[in-house]
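See below for the structure under consideration.
2 protein chains.
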Amino acid sequence: MPKISEKALHMPASPIRKLVPFAEAAKSKGVKIYHLNIGQPDIETPQVMLDAVRNFSPKVVEYSHSAGMESYRKKLSGYYRKHGIDINHEQILVTCGGSEAIEIAMMSCLNGGDEILIPEPFYANYNGFSCQADVVVKPIKSVIENGFALPPIAEFEKLITPKTKAIMICNPGNPTGYLYSKEELELLKDLVLKYDLFLFSDEVYKEFCYDGAAYTSVMHLNGADNNIILLDSISKRYSACGARIGALITKNAQVMQAALKFAQARLSPPTFGQVGAEAAIDTPQSYFDEVNKEYTTRRNFLVEALNKMPGVFCPMPKGAFYCIARLPIDDADKFCQWLLESFSFENQTVMLAPATGFYSTPNSGKNEVRIAYVLNLDALKHAMTCLEKALEAYNKQ
Amino acid sequence: MPKISEKALHMPASPIRKLVPFAEAAKSKGVKIYHLNIGQPDIETPQVMLDAVRNFSPKVVEYSHSAGMESYRKKLSGYYRKHGIDINHEQILVTCGGSEAIEIAMMSCLNGGDEILIPEPFYANYNGFSCQADVVVKPIKSVIENGFALPPIAEFEKLITPKTKAIMICNPGNPTGYLYSKEELELLKDLVLKYDLFLFSDEVYKEFCYDGAAYTSVMHLNGADNNIILLDSISKRYSACGARIGALITKNAQVMQAALKFAQARLSPPTFGQVGAEAAIDTPQSYFDEVNKEYTTRRNFLVEALNKMPGVFCPMPKGAFYCIARLPIDDADKFCQWLLESFSFENQTVMLAPATGFYSTPNSGKNEVRIAYVLNLDALKHAMTCLEKALEAYNKQ
């Protein structure tokens, strides 16, 4: 029997998937599970987007342009301009989700063995994409005490070698909810210019900034156009994760030309999703206002409830719809499994993501969990009651 | 300015794209172009598929399972069983087009530097996917004289080294239209068993077999379940190229487990496309009968017309909707560019794909072109008149 590749052996399995069999077993016992473990929002997709797909009129579902439908890219450049990002449609490559944007960016910019610096905790699939591209992730620890702010630039500089090719950030952050300030981003800009690095910025949560906090995109920075690659997706913006529409955006013409070659090999991004995404640009501001209000309410409740629990600390996130909480536990993986396997309160329990999966440094995040506030307030209340009871029970074992 | 990757530099640009600027220039001069250069069929997508997408009812466009919607995979396994392929839904990974199926198969099975044997001429993007996966393509020449039949097994064996990990075929063939016989496939099976190789079979044109010829899938072969990976797509079957729905199918559980890790990193295949694809399985047989009849008529006309032209030879393809014709020309790239740049007959011209792009061996296919018969008979007639006039004019220059 022929062997699978070394790459496949090294490819990390999703850290959350390990818990799925335990969740299924709990469900089969009739336990209700509050899913705070994944970023699948319960918010409705804008009507204007669904209507466009439902009104799809061509008789043939054709390939689009490999860079995405020109009409969509043109309209999208208008969307970005409204957000202070001055780009034209030729600086946009439409991708199959934000995932493909990251894959193509890595292949376009990094050689096998090259190193990418990423503040940790970070979105776990960055590990998978790096493995695919034979890229080496060098994590730089951010800490819960300051809400996972940008680590000191000196910490980045310590890790820079001739192999270092890029820095990657997620802003607002998954899993941290941290929103980088303009000052922090300026520091990163200076760093990438100093060392001639790419700056990859995953900004798929940019619509989710709270308390009136200003969102600064890397595309708002001046003087580093050739270094900056913006990675975007409509998945969270329009609660349309399944449409699989993302974008790689850069003013670096060489990178765009390279990215287009990878895009041409896979022919085109999905047509139905693009039709929906193009229409979704007309989503009224009221939709975002309501979503923002809803998530703010959820976040405020959640963070307050967490911090009231004995031994729990949760910084107040300014963006995305995640928070990381430090719990009075020995081992987050063990605890999250125990929640599903051995605990229930009034026949209910909670599924959380152990933060260990978001760290690249071994043994990090062992007393932290990521909580996605993608359920409504009522469900969140029940979930927090469960969690409080669970922490009591877990530590009495 | 940071440099793009070596991989991006080596990534082949699509051979057909080089002609696009010349086609655009011709169009802007008012010349009508018959596009025989691409595999975008003009056939209508089945109504049942379009209706399903138009009736999409969920309020949230959610991620599907990373392997694809379970309901779709279950129905799809029924589709395959109808075609004599006995697989269950856990042996199917739904992908973003056939392209992603090939990408994931390569990453799952081959290490960087490993070699894959492919009879040439072959689908040009195999080069791109190989480049992405750092896989080395070793071409084995098939010849126009026998219609691009399987080259002698001895030719494969000559190239097998410790680095050889897989053989890849496309059946029915793009760009050749050749349909492998059961006997040829049995020879390949014996070969992959003898040398412990994977056999990747791209069968996206399987609905397009003519003259009552039997289609044999690699999945119909016995005793090589762990070696065989079937790569499929609905793009051509339902004329739904833009839906971006393909599949990687294997009974090798290790490969499927590996493939699933890559699939999980990119989250899920497109939801709208899957909804359409699931419904499309109910496409009535009459649709395929009509399509088959239409392509048979086109093919018969095309091949006859080509062989009537002085100095032209075109074998009769048994499958897909392509043929390769040998023309009395010095250089197919030059000729195809000349057709767009310097020729027109009654203000019309033809866009063809130079066969050079489908060969990996330098200087091969220089007097061959690929013709996709994706236009209706009337357009094909005009196109063939153009080509005949063009060959006369080209050789009088």
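Protein chains in written order, with the numbering used here: chain A, 1 to 397; chain B, 1001 to 1397. For every residue, glycine included, the Cβ atom is placed at its ideal position computed from N, Cα and C.
Give the DSSP bridge partners of residue i, in chain order.
i          : result
Lys32(A)   : Gln348(A)
Ile118(A)  : Pro139(A)
Ser233(A)  : Gly246(A)
Gly1319(B) : Cys1209(B)
Arg1326(B) : Phe1313(B), Glu1368(B)
Ile1169(B) : Ser1201(B)
Ile1228(B) : Leu1199(B)
In terms of alpha-carbon separation, which member of the options lies closest to residue i?
i          : options                                        : result
Ala8(A)    : Ile1104(B), Gly1039(B), Ser1064(B), Tyr1034(B) : Ile1104(B)
Ala1332(B) : Ala1390(B), Ile1092(B), Leu1193(B)             : Ala1390(B)
Lys59(A)   : Tyr1063(B), Ser1057(B), Phe1288(B), Asp1051(B) : Asp1051(B)
Gly1191(B) : Met1309(B), Tyr1215(B), Ala1224(B), Ser1181(B) : Before going further, note that residue 1191(B) is Leu rather than Gly in the sequence given. Comparing Cα-Cα distances from Leu1191(B) to each of Met1309(B), Tyr1215(B), Ala1224(B), Ser1181(B), the minimum goes to Ala1224(B).
Ile1140(B) : Cys1131(B), Val1303(B), Phe1129(B), Ile1169(B) : Ile1169(B)
Ala1320(B) : Asp1134(B), Asn1367(B), Leu1179(B), Leu1221(B) : Leu1179(B)
Ala1393(B) : Val1374(B), Tyr1072(B), Trp1338(B)             : Trp1338(B)
Pro1362(B) : Lys1138(B), Ser1181(B), Asp1114(B)             : Lys1138(B)
Thr1385(B) : Gln1348(B), Lys1074(B), Asn1111(B), Phe1335(B) : Gln1348(B)
Tyr63(A)   : Ile1234(B), Leu1380(B), Pro1315(B)             : Ile1234(B)
Ile1371(B) : Gly1177(B), Ala1265(B), Val1255(B)             : Gly1177(B)
Ala305(A)  : Tyr373(A), Lys293(A), Lys261(A), Asp114(A)     : Tyr373(A)
Gly128(A)  : Val1094(B), Thr1095(B), Leu1260(B), Thr1296(B) : Leu1260(B)
Tyr1034(B) : Asn1395(B), Gln1397(B), Ala1353(B)             : Ala1353(B)
Glu1157(B) : Tyr1195(B), Glu1186(B), Pro1175(B)             : Tyr1195(B)
Ile43(A)   : Lys396(A), Asn395(A), Leu377(A)                : Leu377(A)
Gln257(A)  : Ile92(A), Ser57(A), Ala213(A)                  : Ile92(A)
Ser217(A)  : Ser181(A), Gly246(A), Ser5(A)                  : Ser181(A)
Pro310(A)  : Lys189(A), Phe288(A), Val61(A), Asn395(A)      : Asn395(A)
Val411(A)  : Pro175(A), Lys29(A), Ala166(A), Leu380(A)      : Absent from the model: residue 411(A). The displayed extent of chain A is 1 to 397, so no value can be given.
Asn1222(B) : Gln1397(B), Leu1188(B), Ile1153(B), Val1135(B) : Leu1188(B)
Lys1318(B) : Gly1173(B), Ala1247(B), Met1049(B)             : Gly1173(B)
Thr45(A)   : Ile281(A), Val94(A), Arg17(A)                  : Ile281(A)
Tell me whether residue i sits in a helix, a strand or coil according to DSSP, three-state version.
i          : result
Met1(A)    : coil
Glu1184(B) : helix
Phe1200(B) : strand
Val94(A)   : strand
Arg370(A)  : strand
Ala353(A)  : strand
Thr1164(B) : strand
Arg298(A)  : helix
Lys1059(B) : coil
His1220(B) : helix
Pro175(A)  : coil
Asp1333(B) : helix
Phe262(A)  : helix
Asn1307(B) : helix
Once the 5 residues before and after residue i are set aside, which same chain residues still bring their CB inside 6 Å of it?
i          : result
Ala1124(B) : Pro1015, Gly1357, Phe1358
Ser344(A)  : Val31
Met219(A)  : Ile85, Leu230
Glu70(A)   : none
Glu341(A)  : Phe22
Ala243(A)  : Gly273, Gly276
Tyr80(A)   : Ile87
Asp1202(B) : Cys1170, Leu1231
Tyr1215(B) : Lys1206, Cys1209
Val1291(B) : Ile1043
Met1351(B) : Ala1023, Ile1033, His1035, Asn1037
Leaving out five residues on either side along the sequence, give the residues of the same chain with a beta carbon under 7 Å from the beta carbon of residue i.
i          : result
Gly1365(B) : Pro1121, Ala1332, Ala1355, Thr1356, Phe1358, Tyr1359
Lys74(A)   : His89
Val1255(B) : Ser1108, Cys1109, Ile1229
Pro1119(B) : Ile1140, Ser1142, Leu1150, Pro1151, Ile1169
For residue i, collect the residues of the same chain with a Cβ closer than 8 Å to its Cβ; drop the 5 residues on either side in sequence, then sort them by chain order.
i          : result
Asn252(A)  : Asp225, Asn226, Asn227, Ile228, Ile229
Tyr131(A)  : Before going further, note that residue 131(A) is Cys rather than Tyr in the sequence given. Lys7, His10, Met11, Pro12.
Ala1133(B) : Glu1103, Met1106, Met1107, Leu1110, Gly1112
Ala966(B)  : There is simply no residue 966(B) to check, as chain B begins at 1001 and stops at 1397 in what is shown.
Could you confirm whether any beta carbon from chain D is found closer than 8 Å to the beta carbon of residue i?
i          : result
Glu1044(B) : No chain D is present in this structure, whose protein chains are A and B.
Problem - Contact the segment 1152 to 1167 of chain B vs the segment 1233 to 1243 of chain B: 3+ CB pairs below 8 Å - result: no
Exercise for the section: Would you be able to state if there are at least three C-beta pairs under 8 Å between the segment 196 to 215 of chain A and the segment 146 to 159 of chain A? Expected result: no
Practice task
Answer yes if the segment 381 to 389 of chain A comes into contact with the segment 1320 to 1327 of chain B, meaning at least three C-beta pairs across the two stretches below 8 Å, and no otherwise.
Solution key: no
Exercise for the section: Report yes or no: do three or more beta-carbon pairs, one from the segment 270 to 290 of chain A and one from the segment 1291 to 1309 of chain B, lie closer than 8 Å? Expected result: no
Handout entry: Sufficient close CB pairs (3 or more, under 8 Å) joining the segment 89 to 100 of chain A to the segment 258 to 268 of chain A
Key = yes
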